[in-house]
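According to UniProt numbering, the stretch in the sequence shown is residues 1 to 366, in order.
Glycine included, each C-beta is placed from N, C-alpha and C at the ideal position.
What follows is a set of notes on a single structure, which appears directly below.
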Amino acid sequence: MTLLDNHDQRATMASAGKPRVILGLMTFGPDVENGGRITDLDTFNKALDIFQARGYDEVDTARIYVGGKQEAFTREADWKSRGLRVATKLWPGLMGVSHKADVLIENFETSLKELGADSVDIFYLHAPDRNVPYTETLSAVNALYTAGKFRQFGLSNFTAFEVAEIVTTCAHHGWVKPTILQAPYNIATRGIEAQLIPACRRYGLDVVVFSPTFGGLFGPHIPLDSKDPQSVVPKEGRFSNNFFGGGLRMAYFNENTFRAAQIVRATSQKAGLDPIEVAFRWLVHHSALNIKSAGGNDGILIGASSLGQLEANLDAVLEKGPLDQNVVLELEGAWDIMKGSAPPYWGVGGPLKYGYELEKEWFGRA
């Protein structure tokens, strides 16, 4: 099956109204110290069997996942023979990666080698490299595209105005434009609704969201009753020290975050529902995503630390309908608490500071 066939299949799936689900591979790999939770190839293959049995074939990896070992782990699972479509990403500032043209191209070629591939379906800039002019980065991305190294160009952790700048820059130069974007989104963190989602609609980018369960905060495993949220250190997952050295925990673990997560847990319990199920049903049926609408191709990245969790997450997305309207209204309280204090949706991508002058880059003047 060719990449073109896969792209057509994706469009057909979306138009049929089936939610787009992508399996995130951040926790699949042999290195526990760097976030691996499904660490043996047999279990990985069983997870892929479960995922594909539900009619899905998109998986999402990155050069930095599991200490740089994830892509090779996916190669060992023989993803090509399975007919999977793979997206990979390059994060600047880690593992010697930057978005300077030569470095970006070299590291993307490393990703292809690790995956055992000549090309991938989607290539993302995992986060902005604001020390490198976007014209340099985008020119290199276009060179890879014209060489047939990937089919679709994506952005992740960028601001709404950067989306506009990048799309406009690509259009001006005749370069491949981004057509997909990844960002964090869930019941309690909805910062992308005001500007980022409208920007993506305006410029023709599908939206794929990650952290649907708020890094596990909606589930039962992270205690929310501590008077000192920063003292709560999960052993695994997005808020552990194995993920960006605990940076997300330091940004998010505060009184308001815990209160918001408690609202989701309490509202779910009151309705006799599992809060993780509620989180997925909210995204599919009540959020700003364009998933079920005719032609909608927004999607949800799901992860898993066990086969049972993967099956439960897929059940919530595929088999459960809309929530009761009273439940939806009560869940609004989580965002009411968070919206005044939540870190910006682009926060994981670093501060909005640039190492170059835009006017000089665009117009040749300081």
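Top-ranked residue by Cα proximity to residue i, from the options
{"i": "Phe214", "options": "Ile300, Val86 and Lys46", "result": "Ile300"}
{"i": "Gln262", "options": "Asp78, Asn107 and Gly219", "result": "Gly219"}
{"i": "Ser268", "options": "Asn326, Val284 and Lys235", "result": "Asn326"}
{"i": "residue 371", "options": "Gly355, Asp324 and Gln182", "result": "Because the chain spans 1 through 366 in this model, residue 371 falls outside it and cannot be assessed."}
{"i": "Ser341", "options": "Ile166, Ile22 and Phe253", "result": "Phe253"}
{"i": "Ser306", "options": "Leu41, Tyr185 and Gly148", "result": "Leu41"}
{"i": "Ile291", "options": "Val163, Asp49, Ala164 and Val209", "result": "Val209"}
{"i": "Gln309", "options": "His285, Lys320 and Ile276", "result": "Ile276"}
{"i": "Val207", "options": "Thr179, Ala101 and Ala117", "result": "Thr179"}
{"i": "Phe123", "options": "Glu136, Ala117, Thr137 and Phe108", "result": "Phe108"}
{"i": "Ser240", "options": "Asp225, His221, Glu255 and Ala266", "result": "His221"}
{"i": "Asn34", "options": "Arg265, Asn242 and Met338", "result": "Asn242"}
{"i": "Pro30", "options": "Lys18, Gly68 and Asp336", "result": "Gly68"}
{"i": "Lys80", "options": "Leu329, Leu48, Gly246 and Lys353", "result": "Leu48"}
{"i": "Trp335", "options": "Glu359, Ala53, Ser226 and Val264", "result": "Val264"}
{"i": "Val59", "options": "Arg20, His172, His285 and His173", "result": "Arg20"}
{"i": "Leu289", "options": "Glu311, Ala266 and Arg201", "result": "Arg201"}
{"i": "Ile22", "options": "Thr110, Val278, Leu314 and His172", "result": "Leu314"}
{"i": "Leu352", "options": "Gly246, Arg130 and Glu359", "result": "Arg130"}
{"i": "Gly191", "options": "Leu217, Ala53, Lys339 and Gly174", "result": "Lys339"}
{"i": "Ala266", "options": "Gly174, Gly333 and Phe153", "result": "Gly333"}
Residues sharing a beta bridge with residue i, DSSP
{"i": "residue 403", "result": "This structure cannot settle anything about residue 403, because the visible part of the chain is limited to 1 through 366."}
{"i": "Ala124", "result": "At residue 124 the sequence reads Tyr, which differs from the Ala that was named. DSSP output for Tyr124 lists Lys89 and Gly154 as bridge partner(s)."}
{"i": "Leu23", "result": "Val59 and Ile302"}
{"i": "Ile38", "result": "Phe28"}
7 angstroms Cβ shell around residue i - same chain, five flanking residues per side excluded
{"i": "Trp346", "result": "Asn157, Phe158 and Thr159"}
{"i": "Gly303", "result": "Gly24, Met26 and Thr27"}
{"i": "Asp274", "result": "Ser268"}
{"i": "Glu361", "result": "Pro133 and Thr135"}
{"i": "Gln271", "result": "For the sequence presented, residue 271 should be read as Ala rather than Gln. Closer than 7 angstroms at the Cβ level, and outside the excluded window around Ala271, lie Asp324 and Val327."}
{"i": "Ser226", "result": "Val232"}
Sub-7 angstroms separation of residue i and residue j beta-carbons
{"i": "Leu94", "j": "Leu125", "result": "no"}
{"i": "Val66", "j": "Gly36", "result": "yes"}
{"i": "Tyr203", "j": "Val176", "result": "no"}
{"i": "Thr74", "j": "Thr88", "result": "no"}
{"i": "Arg238", "j": "Leu248", "result": "yes"}
{"i": "Ala127", "j": "Gly349", "result": "yes"}
{"i": "Ala164", "j": "Ala199", "result": "yes"}
{"i": "Arg281", "j": "Lys235", "result": "no"}
{"i": "Ile187", "j": "Leu331", "result": "yes"}
{"i": "Leu115", "j": "Glu162", "result": "no"}
{"i": "Thr169", "j": "Leu205", "result": "no"}
{"i": "Asn256", "j": "Ile166", "result": "no"}
{"i": "Gly83", "j": "Asp57", "result": "yes"}
Burial state of residue i, where buried means 16 or more other Cβ atoms lie within 10 Å
{"i": "Ala316", "result": "buried"}
{"i": "Val233", "result": "exposed"}
{"i": "Gly230", "result": "Per the sequence shown, the amino acid found at residue 230 is Gln instead of Gly. Its Cβ having fewer than 16 others within 10 Å, Gln230 is exposed."}
{"i": "Arg85", "result": "buried"}
{"i": "Thr189", "result": "buried"}
{"i": "Gly55", "result": "exposed"}
{"i": "His99", "result": "buried"}
{"i": "Arg63", "result": "buried"}
{"i": "Ala117", "result": "buried"}
{"i": "Ser287", "result": "buried"}
{"i": "Pro322", "result": "exposed"}
{"i": "Pro184", "result": "buried"}
{"i": "Val32", "result": "exposed"}
{"i": "Leu358", "result": "exposed"}
{"i": "Phe51", "result": "buried"}
{"i": "Phe363", "result": "exposed"}
{"i": "Ala53", "result": "exposed"}
8 angstroms Cβ shell around residue i - same chain, five flanking residues per side excluded
{"i": "Pro223", "result": "Val232"}
{"i": "Ser119", "result": "Leu3, Leu112, Gly148, Lys149, Phe150 and Arg151"}
{"i": "Glu136", "result": "His99, Lys100 and Ala101"}
{"i": "Trp91", "result": "Ala62, Arg63, Ile64, Val97, His126 and Ala127"}
{"i": "Gln171", "result": "Here residue 171 is Ala; the residue named in the question, Gln, does not match the sequence. Closer than 8 angstroms at Cβ, skipping near neighbours: Lys177."}
Own chain residues within Cβ distance below 6 angstroms of residue i, not counting five before or after
{"i": "Ile105", "result": "Ala140"}
{"i": "Pro343", "result": "Ala251"}
{"i": "Leu283", "result": "Pro212 and Ile300"}
{"i": "Phe44", "result": "Phe28, Ile38 and Ala77"}
{"i": "Ala312", "result": "none"}
{"i": "Leu217", "result": "Ala261"}
Test: residue i CB closer than 7 angstroms to a CB of chain C
{"i": "Met250", "result": "No chain C appears in the structure shown, which is made up of a single protein chain."}
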